[in-house]
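Student: The C-terminal residue of the sequence shown carries number 260 in UniProt numbering, and the numbering is unbroken.
No residue lacks a Cβ here, since even glycine has one placed at the ideal position from N, Cα and C.
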Amino acid sequence: MSPIVCMPLFRSTSDARYNYHKAVHKAAQSKAQDASKHELANGCYNPFPTYPFTGSVRPVYPLSARRTVPESIPRPDWAETGVPKGERRLNRSKIDILDAKAQEAMRKVCRLAREVLDVTAAELKPGITTDYLDEVCHQACIERKSYPSPLNYNRFPKSLCTSPNEVVCHAIPDQRILLDGDILNLDISIYHEGYHADVNETYYIGDRAKTDPESSRLVETTRECLDEAIKLVKPGTPIREFGKAVEKHAKSKNCSVVTT
Numbered sequence: 001m002s003p004i005v006c007m008p009l010f011r012s013t014s015d016a017r018y019n020y021h022k023a024v025h026k027a028a029q030s031k032a033q034d035a036s037k038h039e040l041a042n043g044c045y046n047p048f049p050t051y052p053f054t055g056s057v058r059p060v061y062p063l064s065a066r067r068t069v070p071e072s073i074p075r076p077d078w079a080e081t082g083v084p085k086g087e088r089r090l091n092r093s094k095i096d097i098l099d100a101k102a103q104e105a106m107r108k109v110c111r112l113a114r115e116v117l118d119v120t121a122a123e124l125k126p127g128i129t130t131d132y133l134d135e136v137c138h139q140a141c142i143e144r145k146s147y148p149s150p151l152n153y154n155r156f157p158k159s160l161c162t163s164p165n166e167v168v169c170h171a172i173p174d175q176r177i178l179l180d181g182d183i184l185n186l187d188i189s190i191y192h193e194g195y196h197a198d199v200n201e202t203y204y205i206g207d208r209a210k211t212d213p214e215s216s217r218l219v220e221t222t223r224e225c226l227d228e229a230i231k232l233v234k235p236g237t238p239i240r241e242f243g244k245a246v247e248k249h250a251k252s253k254n255c256s257v258v259t260t
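(1) Extract the residue ranges of the beta strand (DSSP E) inside the UniProt domain "Peptidase M24" (104-253), only unbroken runs of 3 or more that lie entirely within it.
(2) Can you tell me whether GLY127 is buried or exposed, with buried defined as 16 or more other CB within 10 angstroms of its CB?
(3) Following the continuous alpha helix (DSSP H) through ARG89, name the residue where it begins and the one where it ends.
(4) Rank ARG89, ARG88, THR68, ASN91 by C-alpha distance to the C-alpha of GLU80 and give the top, closest one.
(5) Enumerate in chain order the residues of its own chain whose CB-to-CB distance from ALA105 is below 6 Å, with the five nearest sequence positions on each side excluded.
(6) For the alpha helix (DSSP H) containing THR81, list its first residue and its last residue.
(7) Taking contact to mean 3 or more Cβ pairs, one atom from each stretch, closer than 8 Å, check whether the region 173-180 and the region 123-137 are in contact.
(8) If distances are taken between C-alpha atoms only, which option among PRO76, GLU166, ALA140, VAL109 comes closest to PRO150?
(9) Can you find the residues in the same chain that come closer than 7 Å, C-beta to C-beta, to ARG155, ignoring five residues on each side of it along the sequence?
(10) Contact defined as beta carbons within less than 8 Å: I believe ARG58 pairs with PRO157. What is the distance between those atoms, to the nearest angstrom?
(11) Note down the Cα distance separating GLN139 from TYR191, rounded to an integer number of angstroms.
(12) May I ask you to verify whether the region 84-101 touches the region 197-205, counting CB pairs closer than 8 Å and requiring at least 3?
(13) Please list, in chain order, all residues of the same chain as GLU241 whose beta carbon is under 7 Å from its beta carbon, the five residues on each side excluded.
(14) Apart from the five residues on each side of it in sequence, which residues of its chain come closer than 7 Å, Cβ to Cβ, to ASP182?
(15) Could you check which residue in THR50, LYS248, VAL167 has the C-alpha nearest to that of LEU226?
(16) Measuring alpha carbon to alpha carbon, tell me which residue in ILE142, THR260, CYS255 is nearest SER72.
(17) For THR222, which of LYS125, VAL258, ILE188, CYS161 has the nearest alpha-carbon?
(18) How many Å lie between GLY243 and SER256 at the Cα?
(19) Report the residue from ALA229, VAL168, ALA100, LEU90 whose alpha carbon sits nearest the alpha carbon of GLY55.
(20) Taking a contact to mean a Cβ-Cβ separation below 8 Å, would you say ALA113 touches ILE188 in this structure?
(21) Measure the alpha-carbon distance for VAL246 versus SER215 and round it to whole angstroms.
(22) Going along the chain, which residues of its own chain have a beta-carbon closer than 8 Å to the beta-carbon of GLU201, five neighbours each way excluded?
(23) How about TYR153 and PRO70: do their beta carbons lie closer than 8 Å?
(24) Work out the CA separation of GLU228 and ILE239 for me, nearest whole Å.
(25) Less than 8 Å between C-beta atoms, sequence neighbours within five positions excluded: which residues of the same chain meet that for ASP198?
(26) Roughly how many angstroms lie between the CA atoms of SER64 and ARG107, to the nearest whole one?
Put into structure tokens, the structure is as follows:
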């Protein structure tokens, strides 16, 4: 799972770079306004009209109906009630050591989760909704006889999290149309044969996002932070060391780590 890295909002020391960045976002804002008009014309709405959002992204409701999972697919305890009772009973200070059989089961679910992420990401392009991505992800889980872990977890209504632009994490897929210039994090978790896997990655939407220096710096720095942390993965490494490595590299690229 990738660390969450953000950039401070500041004017670049290079006026040319700043003006380019400003022009890119002005064009994106115009497209966002056009998309918003289209959404409103189709009966969509913002369910939180008075909330003081920090950026231009808004939720676009109504949500589609909750997707179903065949009874033949094993599911976690919250699938029906929305309450993760087993998780609440866990002693978080004690981490189980997996035996050989459990390790293979964990490898399998992780491979499947990566497949689901890749299948979903292959559909990314301007003009689609994040709700459509939820449909793709859900179907990919079912085809692998896996339960999408977010679905009904503490009553979360969808099968993955889709977080665009300034949204930090865990956003609900809805009717918002993806725009050329967006970046989007896909956060996918699946449950298979008693084990969960959690993977995520941030993607560029369209060519405009790839050429925006600030978007590129954020996405690439986040990936580099993950790589720095992976270098430390070995028996005996204190968990706190991963966070230190991530924060050190993020700061070196004038980014910061979200510590929620």
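Tutor: On the basis of the coordinates in this document:
(1) Within the UniProt domain "Peptidase M24" (104-253), the beta strand (DSSP E) runs of at least 3 residues that lie entirely inside it are, in chain order, 161-164, 183-192, 195-204.
(2) Counting Cβ neighbours within 10 Å, GLY127 comes out exposed, since fewer than 16 surround it.
(3) Following the DSSP letters along the chain, one finds ARG89 inside the alpha helix (DSSP H) bounded by residues 85-89.
(4) It is THR68.
(5) Answer for ALA105: GLU193, TYR195, listed in chain order.
(6) Unbroken alpha helix (DSSP H) run through THR81: 78-81.
(7) Three or more pairs of CB atoms, one per stretch, sit closer than 8 Å, so the region 173-180 contacts the region 123-137.
(8) Nearest C-alpha to PRO150: PRO76.
(9) Listed in chain order, the non-local C-beta contacts of ARG155 below 7 Å within the same chain comprise GLY82, local neighbours out to five positions each way being set aside.
(10) Between PRO157 and ARG58 the Cβ distance is about 17 Å, and since that is not below 8 Å, they are no contact.
(11) Pairing GLN139 with TYR191, the inter-Cα distance amounts to about 14 Å.
(12) As far as the Cβ criterion goes, the region 84-101 does not touch the region 197-205, which means the pair count is below three.
(13) Around GLU241: LEU232.
(14) The answer, listed in chain order, is PRO164, ASN165, ILE205, ALA209.
(15) It is LYS248.
(16) Of the candidates ILE142, THR260, CYS255, the one whose C-alpha sits nearest the C-alpha of SER72 is ILE142.
(17) Looking at the Cα atoms, VAL258 is the closest of the given residues.
(18) Whole-angstrom Cα-Cα distance: 12 Å.
(19) Of the candidates ALA229, VAL168, ALA100, LEU90, the one whose C-alpha sits nearest the C-alpha of GLY55 is VAL168.
(20) Yes, the pair counts as a contact, with Cβ atoms nearer than the cut-off.
(21) Going from the Cα of VAL246 to the Cα of SER215 covers about 18 Å.
(22) Answer for GLU201: SER2, LEU117, ALA121, ASN185, LEU186, listed in chain order.
(23) When the beta-carbon positions are compared, TYR153 and PRO70 stay at least 8 Å from each other.
(24) If you take the alpha carbons of ILE239 and GLU228, they lie about 14 Å apart.
(25) Cβ neighbours of ASP198 beyond the five flanking positions: MET1, ALA113, SER149, ASP187, ILE188, SER189.
(26) Distance between the alpha carbons of SER64 and ARG107: 33 Å.
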